[in-house]
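> Got a structure here, written out as structure tokens. Questions coming.
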Amino acid sequence: MNADWNTKYGTRRVRHDPPTLDEAIFAAVGITDDQAQQAEIAAALMGMPLDVVQAEVKKQARTNSRITATRVIAGEQGAQRSVVVERRVVRRFGNDKRTGT
Numbered sequence: 078m079n080a081d082w083n084t085k086y087g088t089r090r091v092r093h094d095p096p097t098l099d100e101a102i103f104a105a106v107g108i109t110d111d112q113a114q115q116a117e118i119a120a121a122l123m124g125m126p127l128d129v130v131q132a133e134v135k136k137q138a139r140t141n142s143r144i145t146a147t148r149v150i151a152g153e154q155g156a157q158r159s160v161v162v163e164r165r166v167v168r169r170f171g172n173d174k175r176t177g178t
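Using our numbering, the first residue of the sequence shown is number 78, and each one after it goes up by one.
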């Protein structure tokens with residue numbers, strides 16, 4: 078895969094960051110609750126040996142069992158829906174007339 082591509086503004090480079098093992102395990106947890114299947118999914122995603130991933134899945138399961146942070150909102154008819162919160166970063170450049178800087 079070529080990381081460079083041409084636009085009308087010139088050549089652009091695409092940064093490629095491969096996923097970490099924690100991210101692969103997080104994805105596997107979202108798919109299934111079974112730890113053995115989570116380890117298989119994460120190992121397949123990362124291309125790592127199954128025994129290494131199983132140890133990490135067990136570690137994260139212990140920490141996740143202590144900290145449970147599930148946010149679910151019940152609607153009017155009792156249906157559950159997810160809430161996504163995004164943070165928008167505001168960048169200020171140079172002199173800003175509002176703040177006087």
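Glycine included, each C-beta is placed from N, C-alpha and C at the ideal position.
With Asp81 as the anchor, note down where its beta strand (DSSP E) starts and where it stops.
81-84 is the span of the beta strand (DSSP E), which, as asked, contains Asp81.
> On the premise that Val134 lies in contact with Ala116, defined as a C-beta separation below 8 Å, what is that separation, rounded to the nearest angstrom?
Contact holds; Cβ gap of about 5 Å.
> Taking the alpha-carbon positions, what's the Arg90 to Ala80 distance?
Spanning the two alpha carbons is a distance of roughly 6 Å.
> From Ala138 to Tyr86, what distance separates their C-alpha atoms?
Going by the C-alpha atoms only, they are around 48 Å apart.
> If you run the structure through DSSP and keep just helix, strand and coil, what is Gly124?
Gly124: coil per DSSP, three-state reduction.
> To the nearest angstrom, how far is it from the Cα of Asp183 to the Cα of Arg92?
Because the chain is modelled from 78 through 178, residue 183 falls outside the range shown and cannot be assessed.
> Can you grab the Cα-Cα spacing for the pair Leu127 / Thr140, in whole Å?
In a straight line, the C-alpha of Leu127 is about 20 Å away from that of Thr140.
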